[in-house]
Amino acid sequence: MKIIEYYFDFLSPYSYLSWQWIKENKQRLLEKKIEVYFKPVILSSIIGHFETKGPAQIETKRNYLFKDCLRFSKLNKVPFTTPRKLPFNSLYALRSSLVENVGKRQFEIIDLFFKKGWAEGQDIGDPENLIKFLVEEGFPGEEILDKVNSKEMRKALKVNVKEALSKGVFGVPSFVIGDELFWGNDSIPYMESFLEQEDSLDVNKYDEFLRDHPFQ
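Every number in this note's numbering is 204 more than the matching position in the sequence shown, counting from 1.
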């Protein structure tokens, strides 16, 4: 069984777009004996670790990225609506979607939050909204949200961030397969080739680059 570790934050529109690939290919991946582990992480903690600015802090970059998302969603027929509040606090949604919190319901809850936030434009930063959305779909919303401030959930989310950083993650979405990292929605085709053992990466040239151009 191969494992894809999928690191995401609900705050990221590219996490939402990459989620569509996971939804569409979930069954196919299982048939190929490939399992996806869903790993919510705090994007700001990852950005802060590298002491860099997030996309929302650079106006021209922010504007370009949303233009890019609109193009991608239109071409790929993916519903895309900017959340009413942006940026929003994704912490409650992240802790509510931890496997340690919701167990086998994790996939459905992640899907629900992405849909409410980025397909319908709802405010998924408000914990009361999260409870409402969960209850409407038959989940025990209050029970799930009651646990988000527990030591266990705080620790679990921090562990995900620490684990992501240890595996070279510097942004979301990120897919980790063994020692190989694929970052961004647009890297999915490369990941698919890698999974089919048809990776287009010239390893010799890559090693040569690292040798001849050491990081200063």
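Even for Gly, the Cβ is constructed at its ideal location relative to N, Cα and C. Treat the numbers as computed from the prediction; the structure is a model and nothing was measured.
Taking all protein chains shown into account, do 16 or more other C-beta atoms lie within 10 angstroms of the C-beta of residue i, making it buried, or fewer, making it exposed?
i, result
"S219", "buried"
"E396", "exposed"
"Y296", "buried"
"P344", "exposed"
"R275", "exposed"
"Q326", "buried"
"P393", "exposed"
"Q420", "exposed"
"E209", "buried"
Does DSSP put residue i in a helix, a strand or coil?
i, result
"E239", "strand"
"I381", "strand"
"F292", "coil"
"F374", "coil"
"F386", "strand"
"D411", "helix"
"H417", "coil"
"D350", "helix"
What residues match up with residue i in a beta bridge as DSSP calls it?
i, result
"K206", "I238"
"Y268", "Note: Y268 sits in no beta bridge, so no partner."
"P427", "Because residue 427 is not part of the residues shown, which for the chain are 205 to 420, the question remains open."
Would you kindly check if the distance between the Cβ of residue j and the Cβ of residue i is under 8 Å?
i, j, result
"L221", "P291", "no"
"S201", "Y211", "Because the chain here runs from 205 to 420, residue 201 falls outside it and cannot be looked at."
"R309", "M357", "no"
"K243", "N389", "no"
"G342", "K289", "no"
"V245", "D213", "yes"
"D315", "K227", "yes"
"I381", "K206", "yes"
"P217", "W322", "yes"
Should the segment 250-269 be regarded as contacting the segment 374-391, the criterion being three or more beta carbon pairs within less than 8 Å? yes
If we count Cβ pairs, one from each stretch, closer than 8 Å, do we get three or more for the segment 357-366 versus the segment 301-308? yes
Cβ pair count under 8 Å reaching 3, the segment 332-339 against the segment 269-288: no
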